[in-house]
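Note that the sequence shown covers residues 1 to 487 in full-length UniProt numbering.
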Amino acid sequence: MNPPDDKLPEVYDTIVLGGGPAGAAAALILARKGRRVVVLEKTTFPRFHVGESLIPEDMKVFEELGLLEEFESLPRFKKNGVEFALGDNSAGSRIKFAQSLTPGAKETFNIERAVLDDAMLSAARRAGAEVRCDCRVEKILQLQDGDVRVQTAQGELRGKYLVDATGQSTVVGRHLKTRQNYTDPSLQKIAYFGHFEHVDRDNALGEDEITMVLCDEGWFWMIPIDETRTSIGLVLDAAVAKQVKRPANQMLAWGIERCPLVRDRVKHAVHPPTNNSISDYSYTCAPFAGPGYFLVGDAATFLDPVFSTGIFLGLEGANEAAHQIDRLLDEKTSPVKAQQQYTQFLRNGTRHFFRLIRAYYNPRFRDLFLNGEGPLSMHRAVIAVLAGQVFPRPSWAVRWRMRAFYACVALQQWLPLVPRRPGFSLLAETPQPATSPQSAELATTPPPSGEVAGEAGRRGQPEYQAAEYSPSPSVAFSDSSPERGAV
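Okay, here's the thing in structure tokens:
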């Protein structure tokens, strides 16, 4: 027997799972439109999260959300370009977003995710969204257009539509069993990362750029997030990670020991005692929308953090999903049409990033990219994509140049258009010497005496946890990282 109507849970217009940037943006937009929204976040903010680097088009979204001026007062670090370099520092190139082929923002910033995410969720709360932290969804009870139900430890919640912004937790994807890892071996990666104090910035890091260090087995990122701290990570082929006989929480130290460029820049830095890690993170949860639900950000799909696109894709998806839900609530569109339009929107934008990411792991791409400027302003088209100028789709000027660029990458395999670059391997029998004669051995520094992990977290430092590599289809990540942002 059904309970009386007055005993049924209250009905929200939208239930948003996840309080990261994508979830907060969706809740903020819908709340400002007068919709009744609840955000369910399994952790308490602020909390540590990787993904500190943004791209220029993020600034456009923040401005549309009315948050850009507020964010200018947050502690952050300006970013106007990217340095690409081989691990032995034998070759490199630098790009500036101001060189983009198409108009748009020319700079962005890096920011500690604990700060950014907390600011965005607070903005959603001020707009009228109900926010419940420490509220984990135990089960999805129903997904139907106009009627969704979820079970939490605090009880059942009902809504008309659901937005899944749970990042790599992919709550809806796992519930529907639609999450699938990409099978391409070149996309099977593991990321190891941590925050370092006082990394040398007498280089591109001091020129408002982030640094990407290329190796045969993967790549490093070096991202300054404030005046003293730098996020450093190593993305490694999963097969190589299994080959290296080191604990997962010491793999970043292993990589730095064997990479002269990174080792030289951190020789006077304070190192974290261990690193965090994320494995098996290339996947899709298509379809991205269905009866009663929309997937945004990493809850929809994720390939690789190399170009810092994670937050941007989450924000764009959240904006479009909120727009479609608002039209559905006003009965200005049908559920099937809204789902189709949202899915097409997301695919149109993400495919340009995904193709560039796949090309990035081709050594011939490295040849062209490290060579500097190319003919027909092809490099400026690549910069336009890196800046995020892909929604609703890139301009024709960008699209045809990108096709020409990919043709050159393919041709480089058989007919060198530029000198082929020798690779740099982390697996060399003896680590190569550092670029500076003053290079020192990598040494980790333990936390100050008497400080426990929880105290470090409250000071804004990550609470490092070991995450063992597992070849299973699921993603291994710490509970402090519910949503994967884009590096």
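Think of the CB as a built atom: it goes at the ideal place given N, C-alpha and C, for glycine as much as any other residue.
Under DSSP, no beta-bridge partner is assigned to L121. One Cα belongs to I232, the other to F193, and the distance between them is close to 6 angstroms. V172 places its beta carbon 8 angstroms or farther from that of L303. When C-beta atoms of the region 58 to 72 are compared with those of the region 210 to 217, fewer than three pairs fall below 8 angstroms, so the two segments do not count as touching. Between the alpha carbons of A238 and T178 lies a distance of about 23 angstroms. One alpha carbon belongs to R364, the other to R420, and they sit about 7 angstroms apart.
Per DSSP, the unbroken beta strand (DSSP E) holding L236 starts and ends at R229 to D237. In this structure, the beta-carbon distance from A114 to H49 falls below 8 angstroms.
Taking a contact as a CB-CB distance under 8 angstroms, the pair R76 and F97 does not count as one, their CB atoms being some 16 angstroms apart.
Taking all protein chains shown into account, G167 has 16 or more neighbouring C-beta atoms within 10 Å of its C-beta and is therefore buried. Each of N89, G34, E112 and S122 was checked against the Cα of G51, and the nearest Cα belongs to E112. Under the three-pair Cβ rule at 8 angstroms, the region 284 to 295 does not count as touching the region 306 to 315. For K96, the enclosing beta strand (DSSP E) covers residues G92 to K96. Taking every protein chain shown into account, the CB of D367 has 16 or more other CB atoms within 10 angstroms, so this residue is buried. Cα atoms of G159 and W400: separation of roughly 44 angstroms, rounded to the nearest angstrom. Of all alpha-carbon atoms in A191, V61 and A24, the one lying nearest the alpha-carbon of R126 is that of A24. Just measuring C-alpha positions, the residue of P392, L427, W396 and M378 sitting nearest A404 is M378.
Counting other Cβ atoms within 10 Å of its Cβ, E57 reaches 16 or more and is therefore classed as buried. A distance below 8 angstroms between beta-carbons, with the five flanking residues on each side excluded, links W219 to the following residues of its chain, in chain order: M212, V213, L234, V235 and V306. Proximity of the region 85 to 96 to the region 243 to 262 meets the contact definition, three or more beta-carbon pairs being nearer than 8 angstroms. For F62, the enclosing alpha helix (DSSP H) starts and ends at E57 to E64. Judged by DSSP in its simplified three-state form, Q144 adopts strand. Relative to G128, the option among V38, A153 and H352 whose CA is nearest is V38. Boundaries of the beta strand (DSSP E) around V16: V11 to L17. Collapsing the DSSP output to three states places L74 in coil. By the Cβ-count criterion, L411 is exposed, with fewer than 16 other Cβ atoms from all chains shown falling within 10 Å of its own Cβ. Non-local beta-carbon contacts of A269 in its own chain, meaning distances under 7 angstroms to residues more than five positions away in sequence, involve F196, E197, H198 and V199 in chain order. The residues F307, in chain order, have a CB closer than 6 angstroms to that of L386 in the same chain once the five nearest residues on each side in sequence are set aside. Take A384, set aside five residues on each side of it, and the residues of its chain with a beta-carbon closer than 6 angstroms to its own are S100, L101, T102 and V398, in chain order. 8 angstroms or more divides the Cβ of G297 from the Cβ of A119. Membership of C215 in any alpha helix (DSSP H) is not indicated; the residue belongs instead to the beta strand (DSSP E) covering E209 to C215.
Within the same chain, and ignoring the five residues on either side of D326 in sequence, the residues whose Cβ sits closer than 6 angstroms to its Cβ are K33. In the same chain as Q324, and ignoring 5 residues on each side of it, the C-beta atoms closer than 6 angstroms to its own belong to A338 and Y342, in chain order. Only residues of its own chain outside the window of five on either side were considered, and among them P392 and R393 have a CB closer than 7 angstroms to the CB of N348, listed in chain order. For M251, same chain residues with a beta-carbon under 6 angstroms away, outside a window of 5 residues either side, are Y192 in chain order.
As a beta-bridge residue in DSSP terms, L40 pairs with L17 and R132.
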